[in-house]
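Heads up: the protein sequence lines correspond to chains A and B, in order. For the first sequence, counting from 1, position 6 maps to 6 in our numbering; every step adds exactly one. For the second sequence, counting from 1, position 189 maps to 1189 in our numbering; every step adds exactly one. Glycine included, each C-beta is placed from N, C-alpha and C at the ideal position. Model, not experiment: these values are computed from the prediction. Below you'll find the structure, written out as structure tokens, and then a few comments.
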Amino acid sequence: MSSFNADPRQSVSALPNGSGAAAILAASLGCFALSVLAIAGDKSIAIKNALNFYKPTGPLSGVTTCAIVLWLVSWGMLEWRWGKSTIPISRVIAVALVLLGLSFLLTFPPVVDLF
Amino acid sequence: MEITVRSFWTLLHGMGFGALYLLACSGALVELYRFTVSSAAAGTTSQARPPASSGEERFLKFYLTLMVLLAWTAVLTGAYVIYPWYRAAAPPGADLSLFPQRLLQSSPATSEWHSLGMEWKEHVAWFAPISVTMVAFVFIKYGRDLSNHRQLRAAVLSFAFASFLAAGIAGFFGAMIDKYAPVQGGHTIQLSRGEQK
Chain A
1 MSSFNADPRQ SVSALPNGSG AAAILAASLG CFALSVLAIA GDKSIAIKNA LNFYKPTGPL
61 SGVTTCAIVL WLVSWGMLEW RWGKSTIPIS RVIAVALVLL GLSFLLTFPP VVDLF
Chain B
1001 MEITVRSFWT LLHGMGFGAL YLLACSGALV ELYRFTVSSA AAGTTSQARP PASSGEERFL
1061 KFYLTLMVLL AWTAVLTGAY VIYPWYRAAA PPGADLSLFP QRLLQSSPAT SEWHSLGMEW
1121 KEHVAWFAPI SVTMVAFVFI KYGRDLSNHR QLRAAVLSFA FASFLAAGIA GFFGAMIDKY
1181 APVQGGHTIQ LSRGEQK
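Set out below in structure tokens:
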């Protein structure tokens, strides 16, 4: 943990940004995966049945479980790849924010009905 | 004064976890902004704001961890306890007041609360715990060092806001759906007995 009594004028980062970038991109991938799986389940009976992991909850159980697994796996992989390095983060954050925006849009039922 | 088991769980999910998460979210947004901006200001010579203390940082880490637990508890109780009661299929001739989804779909005046409200809520709500888990992880990992990562800081605040928005959408539709087709049934819990007049 960085020291709180360090020189306040110090602006040199102690930690590389890769770990944060990995967490941010993985979170957006998880949200995006959830929205894509929700659409897939809505449009295909076969996928809907395959996603019915827990019958009382229906396909929502499979959609969310798969999205969470994808999120955690992608997070682990990105952390392994970027965790100890400093990466050009602007593009990663731009992609993450676009994916997050698309996720909100793709779960909105009138948009889902366009597919 | 009594309440059914299903109403109790709905209350716990909506008011206990969901509404509390929304309240916590608004506080976290302000604190995250204040903390990161004050830490960033401390890195300049102007000293526009006093730097956050280590106690404040510890508190915010604890606060965000609690928010993560709240968010996951809210979506898990929603999806695995209440949603099965909401979406249960009604046998022919059944009293639809015990089958909220069917009750909403039985009238054009209420069917959109399901086809738009619940269909959006059941998916968008999950963005809240995913986003806030990331926010908590990044804050716990970087702490004051976030002041040296301007873009990381902006992304964390954006995802915290997205989490708030997702929880807000889910909360709004949850409250409205419960107004038109409340989840009812199960055993009755008697909370107190009033005097007969």
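Counting only beta-carbon atoms, is residue 109(A) nearer than 7 Å to chain B? Position 109 of the first sequence holds residue 109(A). It does: the Cβ of residue 109(A) has a partner Cβ on chain B nearer than 7 Å.
Buried/exposed call for residue 107(A), threshold 16 Cβ in 10 Å: Residue numbering aside, residue 107(A) sits at position 107 when the first sequence is read from its first letter. Buried, by the Cβ-count rule.
Who are the near neighbours of residue 1064(B) in its chain, counting only those whose CB is closer than 8 Å to its CB and skipping five residues on each side? Walking along the second sequence from the start, residue 1064(B) turns up at place 64. Closer than 8 Å at the Cβ level, and outside the excluded window around residue 1064(B), lie 1028, 1132, 1135, 1136, 1139, 1140.
Are the CB atoms of residue 1031(B) and residue 1069(B) nearer to each other than 7 Å? Numbered from its first residue, the second sequence carries residue 1031(B) at position 31. Numbered from its first residue, the second sequence carries residue 1069(B) at position 69. Not closer than 7 Å, so no.
With 7 Å as the threshold, decide whether the Cβ of residue 56(A) is near any Cβ in chain B. As a position in the first sequence, residue 56(A) is number 56, starting the count at 1. At least one chain B Cβ lies under 7 Å of residue 56(A).
What residue does the alpha helix (DSSP H) around residue 1195(B) start on, and which one ends it? Here residue 1195(B) is taken as the residue at index 195 of the second sequence, counted from 1. Per DSSP, residue 1195(B) belongs to no alpha helix (DSSP H) and is neither H nor E.
Counting only Cβ-Cβ distances shorter than 8 Å, please list the residues of the stretch 77-107 of chain A near chain B, keeping chain order. 89, 90, 93, 96, 97, 100, 103, 104, 107
Could you give the distance in angstroms between the alpha-carbon of residue 28(A) and the alpha-carbon of residue 71(A)? One-based indexing of the first sequence puts residue 28(A) at position 28. One-based indexing of the first sequence puts residue 71(A) at position 71. Using only the alpha carbons, I get a separation of about 8 Å.
Can you tell me where the alpha helix (DSSP H) holding residue 951(B) begins and where it ends? The first residue shown for chain B is 1001 and the last is 1197, placing residue 951(B) beyond what the model contains.
Name the one or two DSSP bridge partners that residue 58(A) has. Position 58 of the first sequence, counted from the first residue, corresponds to residue 58(A). Its beta-bridge partners are 54(A).
Relative to the alpha-carbon of residue 66(A), which residue among 99(A), 17(A), 78(A), 50(A) has its alpha-carbon at the smallest distance? Along the first sequence, one-based indexing puts residue 66(A) at 66. If we check each option's Cα against that of residue 66(A), 50(A) comes out closest.
Is there at least one Cβ from chain B nearer than 7 Å to residue 114(A)'s Cβ? Along the first sequence, read from residue 1 onward, the residue named residue 114(A) stands at position 114. No, because no Cβ of chain B sits closer than 7 Å to the Cβ of residue 114(A).
Buried or exposed: which applies to residue 1067(B), given that a residue is buried once 16 or more other Cβ atoms fall within 10 Å of its Cβ? Taking the second sequence and counting its residues from 1, the one referred to as residue 1067(B) is at position 67. Result: buried.
Within the 7 Å Cβ cut-off, does residue 23(A) reach chain B? Numbered from 1 along the first sequence, position 23 holds the residue referred to as residue 23(A). So, interface residue.
As an exercise, report each continuous alpha helix (DSSP H) stretch of at least 4 residues that is fully enclosed by the stretch 16-98 of chain A, in chain order. 18-43, 45-50, 59-82
Using a Cβ cut-off of 7 Å, pull out every chain A residue sitting near residue 1158(B), in sequence order please. In the second sequence, counting from the first residue as 1, residue 1158(B) sits at position 158. Near residue 1158(B) (Cβ distances below 7 Å), the residues of chain A are 97.
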